[in-house]
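K.L.:
When you line the sequence shown up against the working numbering, it's residues 166 to 436, in that order.
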Amino acid sequence: MKKFVKVLALALVLVLSVSMLAACDGGTSTSGTSNADSGTKVLKIGTNAEFPPFEFMGDDGQPDGFDIALIKAIGEEIGMEVQIENMEFKSLIGAIESGNIQGIIAGMTVDDERKKSVDFSDGYYEAHQMVLVRKDSDITKTEDLNGKKIAVQEGTTGDFVASGDPDWEFILGVSLQNTEVSRMKKGLDAVIELKNGRVDAVIIDSNPAQVFAEENADDIKIVDSIQCETETYAIAVSKDEPDLLNSINTALKTLKDNGKYDEILKQYIEQ
166 MKKFVKVLAL ALVLVLSVSM LAACDGGTST SGTSNADSGT KVLKIGTNAE
216 FPPFEFMGDD GQPDGFDIAL IKAIGEEIGM EVQIENMEFK SLIGAIESGN
266 IQGIIAGMTV DDERKKSVDF SDGYYEAHQM VLVRKDSDIT KTEDLNGKKI
316 AVQEGTTGDF VASGDPDWEF ILGVSLQNTE VSRMKKGLDA VIELKNGRVD
366 AVIIDSNPAQ VFAEENADDI KIVDSIQCET ETYAIAVSKD EPDLLNSINT
416 ALKTLKDNGK YDEILKQYIE Q
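1. Suppose you measure from the CA of aspartate 324 to the CA of valine 247; what does that come to, to the nearest Å?
2. Go ahead and pull the three-state DSSP assignment for glutamate 435.
3. Rounding to the nearest angstrom, what Cα-Cα distance links aspartate 273 and threonine 305 in this structure?
4. Using DSSP's beta-bridge definition, name the partner residues of glutamate 246.
5. Alpha helix (DSSP H) containing arginine 279: first to last residue?
6. Which residues in the same chain have their Cβ closer than 8 Å to the Cβ of glutamate 291, if we skip the five residues on either side of it in sequence?
7. Within this structure, are the beta carbons of lysine 314 and serine 347 separated by less than 8 Å?
8. Should phenylalanine 216 and glycine 320 be called a contact, given that it needs their Cβ atoms to be closer than 8 Å?
9. Can you tell me which of Ala260, Gly362, Gly268 puts its alpha carbon nearest to the alpha carbon of isoleucine 233?
10. If we require 3 or more residues per run, which beta strand (DSSP E) segments fall completely within the stretch 372 to 428?
11. Can you list, in chain order, the residues of its chain whose CB lies under 6 Å from that of aspartate 332, leaving out five sequence neighbours each side?
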């Protein structure tokens with residue numbers, strides 16, 4: 166009898182152990198986690214909601230903008246629920262590398278340095294840089310910025326231009342080696358520095374520049390458009406997610422073909 170009880174107890178232990186292992190096995194799919202309520206795969210996307218009209222905080226306190234609407238439409242096409250993670254721009258690629266997010270949509274320009282860390286989707290928008298100054302400024306062109314104080318959003322193309330990056334110096338044919346650069350976490354903070362007279366200019370992407378100039382028309386203006394180098398925005402994806410990248414590219418093409426992309430473009434940019 167005692168021997169029977171021991172065998173029964175051992176069997177129960179084995180059953181419980183297998184059950185616990187099954188419960189702890191969450192799967193190893195790289196295509197997203199699952200929403201416990203709906204069972205839909207979740208796609209974690211990082212952004213920096215300080216770059217209107219591409220991303221900004223909406224009236225409901227949630228990230229909104231062209232990029233946010235676009236990635237959610239892509240999520241619908243590939244059958245995934247998009248979860249937006251808002252963070253500093255300079256932290257986005259690190260968040261992909263650490264596995265906290267699977268992709269980035271943040272008005273991010275494709276460049277060779279970033280390609281070392283992430284893969285990029287097909288391009289979804291083209292832009293260039295603009296120079297903002299105060300209304301009473303004597304700065305009239307990019308060449309006038311040398312030796313000036315310039316505010317930028319940290320880690321953006323504007324930062325590279327203002328900092329005298331050799332590649333951009335070659336592209337512009339202008340040396341900006343003697344500038345004093347103030348790097349801000351938000352594009353809006355750079356504009357505030359300009360309005361308050363703490364810097365002489367701001368270099369920022371064209372669409373945000375136009376938004377900030379319109380919203381602060383009494384204080385600042387656009388004086389130059391750095392159009393000699395067109396930048397391509399694309400969605401950054403973890404290098405461990407080639408299938409996800411292919412799905413995003415397919416969905417992006419579908420949205421362009423069926424007119425949904427143009428609808429989003431008109432809603433946020435070409436109003």
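No residue lacks a Cβ here, since even glycine has one placed at the ideal position from N, Cα and C.
P.N.:
A quick look at the data gives this:
1. Locating residue 324 in the sequence shown gives position 159, counting from the first residue. Locating residue 247 in the sequence shown gives position 82, counting from the first residue. Each residue's Cα considered, the two are about 30 Å apart.
2. Within the sequence shown, numbered from 1, the residue matching residue 435 stands at position 270. Here glutamate 435 carries a coil assignment [DSSP, helix/strand/coil].
3. Working through the sequence shown from its first residue, we reach residue 273 at position 108. Working through the sequence shown from its first residue, we reach residue 305 at position 140. Here residue 273 turns out to be methionine, not aspartate, going by the sequence shown. Straight through space, the alpha carbons of threonine 305 and methionine 273 are spaced by roughly 28 Å.
4. Counted from its first residue, the sequence shown places residue 246 at position 81. Val207, per the DSSP bridge assignment.
5. As a position in the sequence shown, residue 279 is number 114, starting the count at 1. DSSP places arginine 279 in the uninterrupted alpha helix (DSSP H) bounded by 277 to 280.
6. Here residue 291 refers to the residue found at position 126 of the sequence shown. So the qualifying residues of the chain are Thr395, Glu396, Thr397, Tyr398.
7. On the sequence shown, residue 314 is found 149 positions in, with the first residue counted as 1. On the sequence shown, residue 347 is found 182 positions in, with the first residue counted as 1. With a cutoff of 8 Å on beta-carbon distance, lysine 314 and serine 347 are scored as near each other.
8. Locating residue 216 in the sequence shown gives position 51, where the first residue counts as 1. Locating residue 320 in the sequence shown gives position 155, where the first residue counts as 1. Between phenylalanine 216 and glycine 320, the gap from beta carbon to beta carbon reaches 8 Å or more.
9. If you number the sequence shown from 1, residue 233 lands on position 68. Among Ala260, Gly362, Gly268, the Cα nearest to that of isoleucine 233 is on Gly268.
10. Listed in chain order, the complete beta strand (DSSP E) runs (minimum 3 residues) inside the stretch 372 to 428 are 385 to 398.
11. Numbered from its first residue, the sequence shown carries residue 332 at position 167. If we look at aspartate 332 and ignore the five residues flanking it on each side, it has no Cβ neighbours.
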